[in-house]
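Protein chains: 2
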Amino acid sequence: MATLTVPHPLPPVDDDCERLRKAFQDEAAIISILAHRNANQRSSIRQTYFETYGEDLLKALDSELSGDFGRAVHLWTLHPAERDALVAYEAIRKNTTSSYYVLLEIASARTSRELFQARENYHARFKRSLEEDVAHHTTGDFRKLLVPLVSAYRYDGPEVNMGLANSEAIILHEKILEKADNHEELIRILTTRSKAQLSATLNHYKDQFGNNINKDLKTDPKDDFLALLRTTIKCLTSPEKYFEKVVRFSIKGLGTDEEALTRVVVTRAEVDMKRVIEEYYRRNSVPLETDIKGDTSGDYERMLLALLGHHNG
Amino acid sequence: MATLTVPHPLPPVDDDCERLRKAFQDEAAIISILAHRNANQRSSIRQTYFETYGEDLLKALDSELSGDFGRAVHLWTLHPAERDALVAYEAIRKNTTSSYYVLLEIASARTSRELFQARENYHARFKRSLEEDVAHHTTGDFRKLLVPLVSAYRYDGPEVNMGLANSEAIILHEKILEKADNHEELIRILTTRSKAQLSATLNHYKDQFGNNINKDLKTDPKDDFLALLRTTIKCLTSPEKYFEKVVRFSIKGLGTDEEALTRVVVTRAEVDMKRVIEEYYRRNSVPLETDIKGDTSGDYERMLLALLGHHNG
């Protein structure tokens with residue numbers, strides 16, 4: 001369900017490096033190579049480039065490229081775990097409400113192994129732990145949700161305990177009605193149960209109590225914490241719908257939120273971007289490609305479209 | 001600082017397996033082999049044993065051995081990460097106050113990598129996550145401390161931020177005086193900071209406020225949660241003192257707590273048991289060996305002494 005396209009046969013890594021070395025004034029060439037190599041291939045290119053020219057490809061790209069295009073190329077070239085560590089770090093430094101959403105996305109839309117690899121990379125690059133920085137820079141209910149989210153190493157097997165799904169659906173319903181303990185039980189279940197188990201619990205919830213849980217968490221639409229809870233549930237259980245919404249909000253309205261648009265395209269192109277595109281068309285009746293063309297331009301537009309599977313050169 | 005002794009030259013793995021196969025009625029032979037092989041060597045023996053005889057060595061041992069000796073051999077034969085997963089699981093199932101201490105020990109006295117490997121093994125064996133079970137089976141303040149403890153992946157480099165150590169020492173002092181938020185800030189600092197950073201913070205605390213932090217956390221000696229907090233601090237910052245105390249309490253008084261004694265000897269023999277022995281002598285003016293001989297007997301005694309570095313044959 002990835003949109004990334006990789007050429008067959010794949011050119012030798014040495015050739016990619018040589019073409020990149022010559023291509024720093026030629027953005028189309030950069031796109032034609034990097035936007036069509038997967039994470040392992042990009043890692044090989046970076047390594048070979050360093051061995052051949054004694055310079056980090058990423059630094060060479062940064063010194064030539066700028067703006068939204070430069071940012072997209074930079075994030076894309078990174079290994080996914082390095083990218084997650086960087087994006088999480090930047091979000092924590094900004095420390096705005098939107099930072100919480102970036103953190104929950106990294107914590108919830110990755111496999112357990114991928115999230116752990118992001119935490120390892122955070123150690124290596126920033127000399128401290130991801131959860132340490134999240135805990136230090138958040139407070140109150142936000143901390144109570146975000147710290148266990150980023151610290152989780154969820155079981156990711158398919159086994160589901162239906163009895164538990166039933167009993168925890170009842171707990172959730174009771175606690176939401178009581179607004180108990182700042183939703184301590186809801187946070188426990190959301191942050192520790194496997195995604196398969198959580199889906200079963202939320203299905204039981206809907207079957208027994210009539211509403212989707214997110215509807216019952218909408219009693220106060222202006223409550224920032226409830227909004228974050230609802231988004232976490234969406235990101236954990238229906239990632240393609242979550243990403244569709246992030247992309248939609250980044251495009252609709254005044255101006256474009258390039259930060260969010262780039263993040264989604266770059267992080268999902270190798271994963272499930274096809275499903276996000278399908279979901280986008282279903283929800284908006286316009287192809288995502290058309291909306292991206294309307295809202296972006298130049299090399300940035302070409303880079304995004306290449307990652308969505310279009311060949312530009 | 002391990003007490004484990006391994007023969008030079010090491011016998012071939014095949015020979016070890018063959019001797020073990022013949023030795024199931026001969027406890028001395030089992031001790032003479034297994035109690036003198038390190039974790040990787042024991043793993044090789046288990047693997048080769050399985051390949052040669054089509055049977056798990058551990059099951060073969062379990063069917064022949066019993067009691068405290070059987071338990072010690074079983075735990076010792078496991079890979080440390082498998083053992084931690086099993087011991088944590090059993091503690092959660094028992095769900096007594098002493099379970100909390102076992103969990104904090106596994107979470108605090110391991111390297112970040114070792115704790116993560118225990119979590120991986122927990123997935124593989126129990127089809128759910130360690131933090132999921134801890135969160136499910138604890139409540140209130142105990143949950144607030146134990147879940148982040150077992151979920152942590154602490155930075156373990158040597159870098160210390162002295163400014164942060166200073167400011168967090170002040171925060172800790174203020175919050176302890178106020179008894180604020182069930183020690184939320186204390187829990188954050190204890191469960192997320194690297195051990196080096198935490199030691200620096202607690203040194204600042206002592207320098208600035210005159211007392212060891214654990215003295216200030218002793219306002220109510222009967223408060224179980226404060227006791228758990230103090231023990232966590234001790235285990236994180238002075239593991240050899242923590243383990244000395246666990247061993248001392250397991251031996252002193254009426255009867256012996258073989259569960260605790262076995263756990264410490266088996267988990268520390270390959271790590272820092274020499275320092276625990278030194279600490280024991282300093283604190284009790286009696287060698288640990290002497291007290292173990294006084295409190296245990298037979299093959300169990302011989303197994304513990306072998307792990308403490310004595311050769312029995």
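The listed protein sequences derive, respectively, from chains D and R. full-length UniProt numbering applies: residue 1 is where the first sequence begins, and numbers increase by one. full-length UniProt numbering applies: residue 1 is where the second sequence begins, and numbers increase by one. Every residue, glycine too, gets a C-beta built ideally from N, C-alpha and C.
| Item | Value |
| --- | --- |
| Just the chain R side, please: which residues come within less than 8 Å of D:R93 by C-beta, in chain order? | None at all; the shortest Cβ gap to chain R is about 16 Å. |
| Look at the Cβ atom of D:K127, then the Cβ atom of D:R154, and state whether they are nearer than 8 Å. | no |
| Could you please tell me which residues of the segment 142–159 of chain R, in chain order, have their CB closer than 7 Å to any CB of chain D? | V147, P148, S151, A152, Y153, R154, Y155, G157 and E159 |
| Beta carbon of R:L308, beta carbon of R:V265: below 8 Å? | yes |
| Does the beta carbon of D:G313 come closer than 8 Å to any beta carbon on chain R? | Note that D:G313 scores a pLDDT of 39, beneath 50, so its modelled location is shaky and nothing firm can be said. |
| Within 8 Å of any Cβ in chain R, is that where the Cβ of D:L129 sits? | Per the sequence shown, the amino acid found at residue 129 of chain D is Ser instead of Leu. Yes, because at least one Cβ of chain R sits closer than 8 Å to the Cβ of D:S129. |
| Beta-carbon of R:A196 versus every beta-carbon of chain D: anything under 8 Å? | no |
| Closer than 8 Å, Cβ to Cβ, to anything on chain D: give me those residues from the segment 202–232 of chain R, in chain order. | none |
| Which bits of chain R does D:T192 rub up against, with CB to CB less than 7 Å? | S129, E131, E132 and A135 |
| Determine, using beta carbons only, whether D:R125 comes closer than 8 Å to chain R. | no |
| Taking the beta carbon of R:D56 as the centre, do at least 16 other beta carbons fall within 10 Å, making it buried, or is it exposed? | exposed |
| Ordered along the chain, which non-local residues of its own chain (more than five positions away) have a Cβ less than 6 Å from that of R:G313? | Bear in mind that a pLDDT of 39 at R:G313, under 50, signals an unreliable position, so the number given afterwards is only what the model happens to contain. Within the same chain, R:G313 has close Cβ partners A28 and S32. |
| Return the chain-ordered list of same chain residues with a C-beta closer than 6 Å to the C-beta of R:D299, the five sequence neighbours on each side being excluded. | E27 and F69 |
| Could you give the uninterrupted runs of the beta strand (DSSP E) lying entirely in the segment 73–161 of chain D, keeping only those of 3 residues or more? | none |
| Nearest CA to the CA of D:T296: which residue from D:S285, D:N284, D:E258 and D:R282? | D:E258 |
| Pop quiz: R:T3 and R:A269 are said to be a contact at Cβ under 8 Å. What is the actual Cβ separation, rounded to whole angstroms? | 5 Å |
| How many whole angstroms separate the CB atoms of R:A85 and R:N121, which I take to be in contact at a CB cut-off of 8 Å? | 4 Å |
| How is D:K195 classed by DSSP in three states: helix, strand or coil? | helix |
| At 8 Å on the CB atoms, spell out the chain D contacts of R:F116, in chain order. | F116 and Y153 |
| Note down, in chain order, every chain D residue with its Cβ under 7 Å from the Cβ of R:R188. | A135 |
| In its own chain, which residues sit with a C-beta less than 8 Å from the C-beta of R:K234, not counting the 5 before and 5 after it? | N214, K241, Y242 and K245 |
| When the distance is taken between beta carbons, is D:H137 closer than 8 Å to D:I106? | no |
| Can you tell me whether D:P12 is helix, strand or coil according to DSSP? | coil |
| Considering Cα atoms alone, identify which of D:R302, D:E159 and D:G140 is closest to D:D224. | D:G140 |
| To which residues of the same chain is R:K293 closer than 7 Å at the C-beta, ignoring the five residues directly before and after it? | E301 |
| Please classify D:M273 as buried or exposed, where buried requires at least 16 other C-beta atoms within 10 Å of its C-beta. | buried |
| Can you tell me whether R:V6 is helix, strand or coil according to DSSP? | coil |
| Does the beta-carbon of R:D156 have 16 or more other beta-carbons within 10 angstroms, so that it is buried, or is it exposed? | exposed |
| Whose Cβ in chain D lies nearer than 7 Å to the Cβ of R:R119? | Y153 |
| Is it the case that the segment 167–183 of chain R contacts the segment 164–174 of chain D, given that we only count it when at least three CB pairs across the two stretches are under 8 Å? | no |
| Within the continuous alpha helix (DSSP H) that includes R:F24, where are the two ends? | Looking at the DSSP string, R:F24 is not in any alpha helix (DSSP H), and its letter there is neither H nor E. |
| On the CB-based measure, 16 or more other CB atoms within 10 Å of its CB, does R:R125 come out buried or exposed? | exposed |
| Taking the alpha-carbon positions, what's the D:L75 to R:A152 distance? | 27 Å |
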